[in-house]
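Novice:
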Amino acid sequence: MPRRPYVIEEMISAKAIAARIEALCREIQAEFEGTDKLVVVGLLRGSFVFIADLVRELDLPIEVDFIEASSYGDATESSREVRILKDLRGAIEGRDVLVVEDIIDTGHTLSHVTRLLQSRNPARLKTIALLNKPSRREVEFSADWIGFDIPDEFVVGYGIDFAQRNRNLPHIGKVRFIE
Ligand code: PRP
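At position 165 of the sequence shown (counting the first as 1) the number is 165 in our numbering, and the numbers step up by one without a gap.
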């Protein structure tokens with residue numbers, strides 16, 4: 001299928017993202033102060049840039065793990081099915097866990113993944129998402145920390161793709177089709 005031409009307009013600069021991450025990390029550090037080890041779980045693939053910047057700003061003993069989920073179905077609440085494509089390498093029972101997501105849209109992915117991880121009895125399970133689109137929610141879900149609430153725009157960059165492209169943009173951009 002031919003690709004419709006588009007341009008990407010900057011929505012959140014790399015500088016604004018870095019400043020927000022710094023502020024969020026102070027809050028995360030306060031929450032997990034004294035932890036023996038925090039397992040920081042990145043939700044693949046979109047979170048890979050955010051988690052890389054986040055862990056380098058966190059002054060806590062951490063371990064990094066990844067989980068990959070994919071959602072299928074016709075986007076209506078009841079038929080949406082989230083499948084785990086790649087599970088964690090390590091056990092999280094009795095551990096402090098922070099799940100890191102790039103964006104919350106309908107809420108299905110994080111709601112499913114946190115339910116799954118909670119069933120493994122971690123000591124504490126917290127969630128953070130860089131972006132949040134509250135207007136798109138289909139299931140109730142609130143992350144413990146949000147970088148930016150955004151309107152329902154088609155966003156790319158900083159790990160987020162458009163048909164697997166543009167994940168390497170250093171900022172968050174908004175896709176605008178030009179015809
Ligand atoms: C995107 C995004 C979130 C999820 C959010 O992942 O990275 O994981 O969708 O949507 P939801 O709140 O409606 O569930 P995607 O399936 O595009 O995979 P990717 O992370 O590999 O790009």
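Think of the CB as a built atom: it goes at the ideal place given N, C-alpha and C, for glycine as much as any other residue.
Keep in mind it's a predicted model, so treat the numbers as computed, not measured.
Along the beta strand (DSSP E) that carries S71, what are the first and last residues, could you check?
Specialist: I62 to Y72
Novice: Okay, do the segment 55-70 and the segment 84-92 touch, 3+ Cβ pairs below 8 Å being the bar?
Specialist: Using a Cβ-Cβ distance cut-off of 8 Å, the segment 55-70 and the segment 84-92 are in contact, since at least three pairs of beta carbons, one from each stretch, lie closer than that value.
Novice: In three-state terms, what does DSSP make of I28?
Specialist: helix
Novice: For I104, which of R124, K15 and I160 has the nearest alpha-carbon?
Specialist: I160
Novice: Which residue from V40, K174 and H108 puts its Cα closest to that of E140?
Specialist: H108
Novice: Would you tell me roughly how many angstroms separate the C-alpha atoms of M11 and L130, rounded to the nearest one?
Specialist: 13 Å
Novice: Using three-state DSSP, classify E33 as helix, strand or coil.
Specialist: Correct three-state label for E33: coil.
Novice: Can you tell me whether S135 is buried or exposed, with buried defined as 16 or more other CB within 10 angstroms of its CB?
Specialist: exposed
Novice: Considering D53, what are the terminal residues of the alpha helix (DSSP H) in which it resides?
Specialist: F48 to E57
Novice: Compute every distance between the C-beta of L43 and the non-hydrogen atoms of ligand 1, then say whether any falls below 6 Å.
Specialist: yes
Novice: Give me whichever residues DSSP pairs with V113 in a beta bridge.
Specialist: Its beta-bridge partners do not exist; DSSP assigns none.
Novice: Helix, strand or coil: how does DSSP classify K126 here?
Specialist: Looking at K126 - three-state DSSP - the assignment turns out to be strand.
Novice: To which residues of the same chain is D152 closer than 8 Å at the C-beta, ignoring the five residues directly before and after it?
Specialist: Closer than 8 Å at the Cβ level, and outside the excluded window around D152, lie K133, S135 and R136.
Novice: Let me know the secondary structure DSSP gives I160 once reduced to three states.
Specialist: strand
Novice: Compare the C-alpha of E101 against each of E179, R95, L44 and D53 and name the closest.
Specialist: Comparing C-alpha distances from E101 to each of E179, R95, L44 and D53 shows the shortest one belongs to L44.
Novice: Would the beta-carbon of H112 be found less than 6 Å away from any heavy atom of ligand 1?
Specialist: no
Novice: Can you grab the Cα-Cα spacing for the pair K126 / E179, in whole Å?
Specialist: Going from the Cα of K126 to the Cα of E179 covers about 42 Å.
Novice: Go through its chain and collect everything with a Cβ distance to Y158's Cβ below 6 Å, but skip five positions before and after it.
Specialist: V49 and I172
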